[in-house]
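In my numbering, the protein residues as written are 4 to 187. In this text, a Cβ means the ideal position worked out from N, Cα and C, and glycines have one as well. Quick caveat, the model's predicted, so the values are computed rather than measured. These notes concern the structure reproduced below.
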């Protein structure tokens, strides 16, 4: 008889404080996910995405690059995520297509500061039809975080001075962000 009671006590499942803590943590995680994806939208706590104009500079690229870009070209990250679309020069500057040198970019000969034999800096530009520097802009959706950072699509951090690589269907663009402003 005494042996039977020992078997019964071994077969009983015991519930202890650690089990209660684990269940509580799981329930809190589920509640957090529900709050994040449903209640924030209903309460208006999530920032609305709006259109922004991002200006950029491309330096030291082949002079044929502007021929591969046109207004409205879609820009992508390397993972295929769409960033935005290129603007025409008249939409982000006082230049026209003719004075800018391109439909989408303000083009000028690429130039660098070099030192002469006396150690003084000298401004030197590349010959025509070699390398160019170009300024451009694209329109994208984003928001500013509560800390004041710009978030592309509300997710990816973007700031002036940041170097990023974007892709079109025809070219790869390595650019430096020069400005972010609300679209007009």
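Should residue 69 be labelled buried (16 or more other beta-carbon atoms within 10 Å of its own) or exposed? Position 66 of the chain shown holds residue 69. Buried, because 16 or more other Cβ atoms sit within 10 Å of the Cβ of residue 69.
Across which residues does DSSP place residue 101 in a beta bridge pair? To locate residue 101, count along the chain shown from 1; it is residue 98. DSSP lists no partner for residue 101.
Beta-ladder partner(s) of residue 64, from DSSP: Taking the chain shown and counting its residues from 1, the one referred to as residue 64 is at position 61. The bridge partners DSSP lists for residue 64 are 135.
Return the Cβ separation of residue 114 and residue 127 in integer angstroms, given the expectation that the two are a contact with Cβ distance under 8 Å. Counted from its first residue, the chain shown places residue 114 at position 111. Counted from its first residue, the chain shown places residue 127 at position 124. Rounded, the Cβ-Cβ distance is 6 Å, consistent with contact.
Give the straight-line distance between the Cα atoms of residue 159 and residue 122, rounded to the nearest whole angstrom. Reading the chain shown from its first residue, position 156 is the one you call residue 159. Reading the chain shown from its first residue, position 119 is the one you call residue 122. Their backbone Cα atoms lie some 42 Å apart in a straight line.
Around the Cβ of residue 90, are there at least 16 other Cβ atoms within 10 angstroms (buried) or fewer (exposed)? Taking the first residue of the chain shown as position 1, residue 90 is located at position 87. Under this definition residue 90 is a buried residue.
Looking at the strands, I want to know which residues DSSP matches up with residue 180. What you label residue 180 is simply residue 177 of the chain shown in a count that begins at 1. Answer is 59.
Distance between beta carbons of residue 168 and residue 176, contact taken as under 8 Å: For the purposes of this step, residue 176 is taken as the residue at position 173 of the chain shown. For the purposes of this step, residue 168 is taken as the residue at position 165 of the chain shown. The C-beta distance from residue 176 to residue 168 rounds to 7 Å, short enough to fall under 8 Å.
Out of curiosity, what's the CA-to-CA distance linking residue 63 and residue 117? Start at 1 with the first residue of the chain shown, and residue 63 comes out as number 60. Start at 1 with the first residue of the chain shown, and residue 117 comes out as number 114. So the two alpha carbons sit approximately 15 Å from each other.
Tell me the DSSP secondary structure of residue 170 in three-state form. Reading the chain shown from its first residue, position 167 is the one you call residue 170. Annotated three-state conformation of residue 170 is strand, per DSSP.
For residue 134, which residues of its own chain have a beta-carbon under 8 Å away from its beta-carbon, when the five flanking residues on both sides are left out? The count along the chain shown starts at 1 and reaches residue 134 at position 131. So the list reads 63, 64, 65, 66, 112 and 113, once near-sequence residues are dropped.
Using a Cβ-Cβ distance cut-off of 9 Å, determine whether residue 77 contacts chain B. This model lacks chain B altogether; it includes just one protein chain.
Between 129, 110 and 154, which lies nearest to residue 92 when the distance is taken from Cα to Cα? Position 89 of the chain shown, counted from the start, is the residue given in the question as residue 92. Residue 110 is the option with its Cα nearest to residue 92.
Helix, strand or coil for residue 159 per DSSP? Here residue 159 refers to the residue found at position 156 when the chain shown is read from its first residue. If DSSP states are grouped into helix, strand and coil, residue 159 belongs with the strands.
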